[in-house]
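Asker: Just dropping this structure here.
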Ligand code: SF4
Ligand code: SF4
Ligand code: SF4
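Residue numbers (this note's numbering), protein chains in the order written: chain R, 144 to 277; chain P, 605 to 1190.
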């Protein structure tokens, strides 16, 4: 299996293209449904932090889901079954990277599915797909 | 909604806000400049005091912001306290994405607060927050740091703020956003200051709908690929805008020491190449821009009192500020220049106007037009420490002389004399090009008196390659055509650096993504209409093209096209206004 990896966040220029294209997987524009987030490391003079699911082989976010809406993905990370999700936000708290974002429109978590779409649009080789678990 | 339509109105006097649907405005005029000028006509009373509560601050975005790469800018409109007519300035950072994601096409701010406040706009909610403690803080960068901790949504928000210069109503003070990006020109900072408005935070996470999803992906890919492949974009990515210093120096079109000179071997010390090799520490981008033209220098300075103890400051350097604070002041020592750039950033001044004002003051002092007692600092070409001291006095409006200088060189030369070398056009200080007559005609005729209005500097350079200038009337037509088309780009709101990507046909196609069916001819007509509306506003507020002052200095110092002829300029300017003020194409 493969996962999306942040190879070198020091190369990140904060353009947020990864966020825009991740969001666009669902067809629309904006940033509401993005599973990756780029913010400054306390002011852009200090560079950027790229926050995205690391595909834990034993995912704590799945363990705290009361309805089993989050199931462990083969090779790490999780898959969401939106019809089971009750929007309790337990998973958001469980992820130590705070890599689960919230889709306010659908009241559901947004979690990276490691599809690799954003990699094609990162102009500065910050992101890459890699074999996982290593 | 796939098109912006909501306008947020904020009244600072009554501390009230409301939202209006103005879908019809966006239908007719797209967004950005097109919508902002109509809102300005509606909201700004005739003869308004630019520093009075009646002057509106308008921010507008367009239908492609948040949708396609390089649609990364926000337009600000207001009545300019510097020129007394149209105030329009553009900035990126995260502002465009934030305003769109908060659900707005435009924001209109009127009135004035009695005590300092900052606004927090989080989608449908507006909070009027006490900013008394932030007023007077010495650095605009610090103000951003404080607000960053107080407000939610990191990464999805814009933080606009002013520095000391804006508080003290320096007529060319800037509004800084996200650090290193600015609404720089024409004095929006002073308008904020006059309203006791220290800062604005805007955030949101609303979805932005598109009409044609398949086309969305296709156009997205096309723009992205062009943006990483075209040589133009590559050049802005690698060296940033300072790449222009060397070529302008070579053709003798680089204004130096208040335009007494146009070339110097010393200028090579601050070339884009050398700056990158020695100081470039980080490159950053506006939201939704793959190019990342923003170049930050890492300046490492030892503390004098302790061995092996250093501070490292990240300082943004761009062509225009380097021209104004470097070349115009004869400051070619890179570290000195960086310190000067940092001072202007921290105080919240427009770098171009500040540099030109200091250059005028230096020459006026040399000639004995102003006295040492007025300036209080011995200004000398190249002495960056003296300039840093003087810039602090300017931002603090510390005496009568600096108060007047803070109104611009047009005003200062009216009071003290020295008009021949007061480099302002239409009341706005000169940008960094002495490439030939078309650059200056552009500064004179452009609705914002900015080099980016019609890019005369670029036409000059193209004609230089051909070896001759067009007839003045033909030149005016070229400038008018360019400025008209640029109204479309700034209505959408696309970064000018992407103008070679968003060519006419691609722009039409991009608009189909969000459900706007149009064609090149229609867009061109709309561009002319918007430009005419801007010129009408200027005239309404007292702008008189026949009274435009042309500083003598530009005729004395030869350009790459040789000596500039006054007659050429006069003919072109009059032709331009015939086009810009003529009937038709509302
Ligand atoms: S969302 Fe967080 S906890 Fe869950 S798999 Fe990804 S990194 Fe691990
Ligand atoms: S890998 Fe796919 S889901 Fe994950 S951040 Fe990138 S585009 Fe989004
Ligand atoms: S696309 Fe790449 S450079 Fe741009 S924000 Fe994302 S990770 Fe950073």
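Even for Gly, the Cβ is constructed at its ideal location relative to N, Cα and C.
Tell me where the beta strand (DSSP E) around residue 610 (chain P) begins and ends.
Answerer: 610 to 615
Asker: Here's the rule I'm using: 16 or more other beta-carbon atoms within 10 Å means buried, otherwise exposed. How should residue 225 (chain R) be labelled?
Answerer: exposed
Asker: From P:1080, P:974 and P:1094, pick the residue whose C-alpha is nearest to that of residue 1130 (chain P); which is it?
Answerer: Comparing Cα positions, the closest option is P:1094.
Asker: Just to confirm the assignment, what range does the alpha helix (DSSP H) spanning residue 879 (chain P) have?
Answerer: 876 to 882
Asker: Can you look up residue 726 (chain P) in the DSSP assignment and give me helix, strand or coil?
Answerer: strand
Asker: Do you know how far the Cα of residue 838 (chain P) is from the Cα of residue 700 (chain P)?
Answerer: 23 Å
Asker: Using a cut-off of 8 Å between C-beta atoms, extract the partners of residue 174 (chain R) located in chain P.
Answerer: 670, 701, 705, 760 and 809
Asker: Can you tell me where the alpha helix (DSSP H) holding residue 778 (chain P) begins and where it ends?
Answerer: Taken as a continuous stretch (DSSP letters only), residue 778 (chain P) belongs to no alpha helix (DSSP H), as it is neither H nor E.
Asker: Taking 7 Å as the cut-off, is the beta-carbon of residue 260 (chain R) closer than that to any non-hydrogen atom of ligand 5?
Answerer: With respect to ligand 5, the structure shown offers nothing to examine, as its ligands consist of ligand 1, ligand 2 and ligand 3.
Asker: So what does DSSP say about residue 1190 (chain P), is it helix, strand or coil?
Answerer: Confidence in residue 1190 (chain P) is poor, its pLDDT being 48 and thus under 50, which makes the residue's placement too unreliable to answer from.
Asker: Residues in its own chain within less than 6 Å of residue 875 (chain P) by CB, not counting five upstream and five downstream?
Answerer: Cβ neighbours of residue 875 (chain P) beyond the five flanking positions: 849 and 850.
Asker: I want to verify the contact list: residues of chain R whose CB lies under 7 Å from the CB of residue 896 (chain P), in sequence order.
Answerer: 156 and 158
Asker: Cβ of residue 164 (chain R) within 7 Å of any heavy atom in ligand 2?
Answerer: Flag set: Cβ of residue 164 (chain R) near ligand 2.
Asker: Checking 8 Å against the spacing of the C-beta atoms, do residue 780 (chain P) and residue 797 (chain P) come in under that value?
Answerer: no
Asker: On the DSSP letters alone, give me the boundaries of the alpha helix (DSSP H) that residue 664 (chain P) sits inside.
Answerer: No alpha helix (DSSP H) holds residue 664 (chain P); the beta strand (DSSP E) holding it covers 661 to 664.
Asker: State yes or no: is the C-beta of residue 208 (chain R) nearer than 7 Å to some heavy atom of ligand 1?
Answerer: no
Asker: Cutting at 8 Å between CB atoms, please list the residues of its own chain near residue 192 (chain R), excluding the five before and the five after it.
Answerer: 152, 181, 182, 183 and 184
Asker: For the pair the stretch 957 to 971 of chain P and the stretch 922 to 942 of chain P, tell me if three or more CB-CB distances fall below 8 Å.
Answerer: yes
Asker: Are the C-beta of residue 171 (chain R) and some C-beta of chain P separated by less than 8 Å?
Answerer: yes
Asker: Rank P:925, P:893, P:975 and P:914 by C-alpha distance to the C-alpha of residue 669 (chain P) and give the top, closest one.
Answerer: P:893
Asker: At a threshold of 7 Å, does residue 158 (chain R) count as lining ligand 1 (C-beta to nearest heavy atom)?
Answerer: no
Asker: Beta carbons nearer than 9 Å to chain R: which residues of the stretch 776 to 798 of chain P have them?
Answerer: 782, 783 and 784
Asker: For residue 1190 (chain P), is the classification buried or exposed, using 16 other Cβ atoms within 10 angstroms of its Cβ as the cut-off for buried?
Answerer: At residue 1190 (chain P), the pLDDT of 48 sits below 50, so the modelled position is not reliable; the number obtained from the coordinates is stated separately. So residue 1190 (chain P) ends up on the exposed side.
Asker: What are the start and end residues of each continuous alpha helix (DSSP H) run of 4 or more residues lying completely inside the stretch 1092 to 1158 of chain P, in chain order?
Answerer: 1108 to 1117 and 1124 to 1144
Asker: Counting only Cβ pairs nearer than 7 Å, list the residues of chain P close to residue 251 (chain R).
Answerer: Going along chain P, no residue has its Cβ under 7 Å from residue 251 (chain R), so there is no contact; the nearest lies around 13 Å.
Asker: What first and last residue would you give for the beta strand (DSSP E) that runs through residue 925 (chain P)?
Answerer: Per DSSP, residue 925 (chain P) belongs to no beta strand (DSSP E); it is in the alpha helix (DSSP H), 923 to 929.
Asker: Mapping the DSSP letters down to three states, classify residue 1053 (chain P) as helix, strand or coil.
Answerer: coil
Asker: Report back the beta-carbon spacing between residue 1097 (chain P) and residue 666 (chain P) to the nearest angstrom; my notes put them in contact at under 8 Å.
Answerer: 5 Å
Asker: So is residue 812 (chain P) in contact with chain R if we call contact Cβ pairs under 8 Å?
Answerer: yes
Asker: Could you pull the start and end residues of the alpha helix (DSSP H) that residue 1011 (chain P) belongs to?
Answerer: Residue 1011 (chain P) -> no alpha helix (DSSP H), and no H or E assigned at all.
Asker: Just checking residue 196 (chain R) against ligand 3 - is the residue's beta carbon closer than 7 Å to any of the ligand's heavy atoms?
Answerer: Result no, Cβ not under 7 Å from ligand 3.
Asker: By the three-class DSSP mapping on this structure, what secondary structure does residue 936 (chain P) have?
Answerer: coil
Asker: Could you list which residues in chain P have their beta carbon closer than 7 Å to that of residue 247 (chain R), in chain order?
Answerer: 809
Asker: Tell me whether residue 840 (chain P) counts as near ligand 3, meaning its Cβ is closer than 7 Å to at least one heavy atom of that ligand.
Answerer: no
Asker: Look at the alpha carbon of residue 945 (chain P) and the alpha carbon of residue 1170 (chain P), and state the distance between them as a whole number of angstroms.
Answerer: Computed Cα separation, rounded: 34 Å.
Asker: Candidates P:1057, P:650, P:831 and P:708: which alpha carbon is nearest residue 1089 (chain P)'s?
Answerer: P:1057
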